[in-house]
């Protein structure tokens, strides 16, 4: 879980609570947020965030294993490619862009469950894509049946193919 310099899950919920009361659970509004470069010391906290964010999808697919979820993040975490998403100075998400010769891969894009579904993901994704845009298309993998698919389609991603593992679907921009 979070350690003291990141606050607790309760602290994140307390930041979001007034927002929920003011706008309800379905209204999308522009949220004040910032990105900061990730640091090597963030790895454990970000792995915990990934586990919280991915648990519902992985449980739905019958694949939930907290240690595996954390390990998969830690094995592929590259701080130089990663930004931490903060609201009111508190970390609420993470996003990475891994450059390859033929594509820019969006990876490790996770938001705390308490801030999902409010438009923050679209705002962050658009800004990150604008900052990294070049002649290469963007690519990403999502779990089959994930609600995140709607977010990616709203910002221009289309389904390209299903991975051979039977779980991941690959999406990209033209």
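In the working numbering, the protein residues as written are 14 to 187.
C-beta atoms are modelled at their ideal positions from N, C-alpha and C, and glycine is treated no differently.
Can you pull the DSSP bridge partners for residue i?
| i | result |
| --- | --- |
| residue 123 | 107 |
| residue 112 | 117 |
| residue 48 | 98 |
| residue 153 | 184 |
| residue 171 | 185 |
Rank the options by C-alpha distance to the C-alpha of residue i and give the top, closest one.
| i | options | result |
| --- | --- | --- |
| residue 80 | 60, 66, 119 and 132 | 60 |
| residue 142 | 95, 90, 173 and 51 | 95 |
| residue 149 | 87, 77 and 111 | 111 |
| residue 133 | 160, 105 and 166 | 105 |
| residue 97 | 166, 57 and 165 | 57 |
| residue 45 | 187, 128 and 170 | 128 |
With C-beta atoms as the reference, is residue i less than 7 Å away from residue j?
| i | j | result |
| --- | --- | --- |
| residue 8 | residue 152 | No answer is possible for residue 8: it lies beyond the span of the chain, which begins at 14 and ends at 187. |
| residue 82 | residue 66 | no |
| residue 109 | residue 99 | no |
From residue i to residue j, what does the alpha carbon distance come to, in whole angstroms?
| i | j | result |
| --- | --- | --- |
| residue 176 | residue 158 | 13 Å |
| residue 168 | residue 130 | 14 Å |
| residue 182 | residue 102 | 33 Å |
| residue 185 | residue 54 | 31 Å |
| residue 52 | residue 162 | 28 Å |
| residue 154 | residue 125 | 19 Å |
| residue 144 | residue 77 | 33 Å |
| residue 123 | residue 62 | 7 Å |
| residue 137 | residue 86 | 20 Å |
| residue 48 | residue 107 | 9 Å |
| residue 42 | residue 147 | Only weak support is given to the placement of residue 42: the predicted model assigns it a pLDDT of 49, under 50, and the value that follows is read from those uncertain coordinates. Taking the straight line from one Cα to the other gives about 29 Å. |
| residue 172 | residue 50 | 29 Å |
| residue 75 | residue 156 | 12 Å |
| residue 174 | residue 166 | 14 Å |
| residue 170 | residue 139 | 11 Å |
| residue 164 | residue 187 | 16 Å |
| residue 135 | residue 89 | 24 Å |
| residue 91 | residue 84 | 13 Å |
Could you tell me if the beta carbon of residue i falls within a distance shorter than 6 Å of some heavy atom in the ligand ADP?
| i | result |
| --- | --- |
| residue 93 | The ligand ADP is not among the ligands present in this structure, which contains no ligands whatsoever. |
Inter-stretch contact (C-beta, 8 Å, three-pair minimum) for the stretch 105-119 and the stretch 67-79: no
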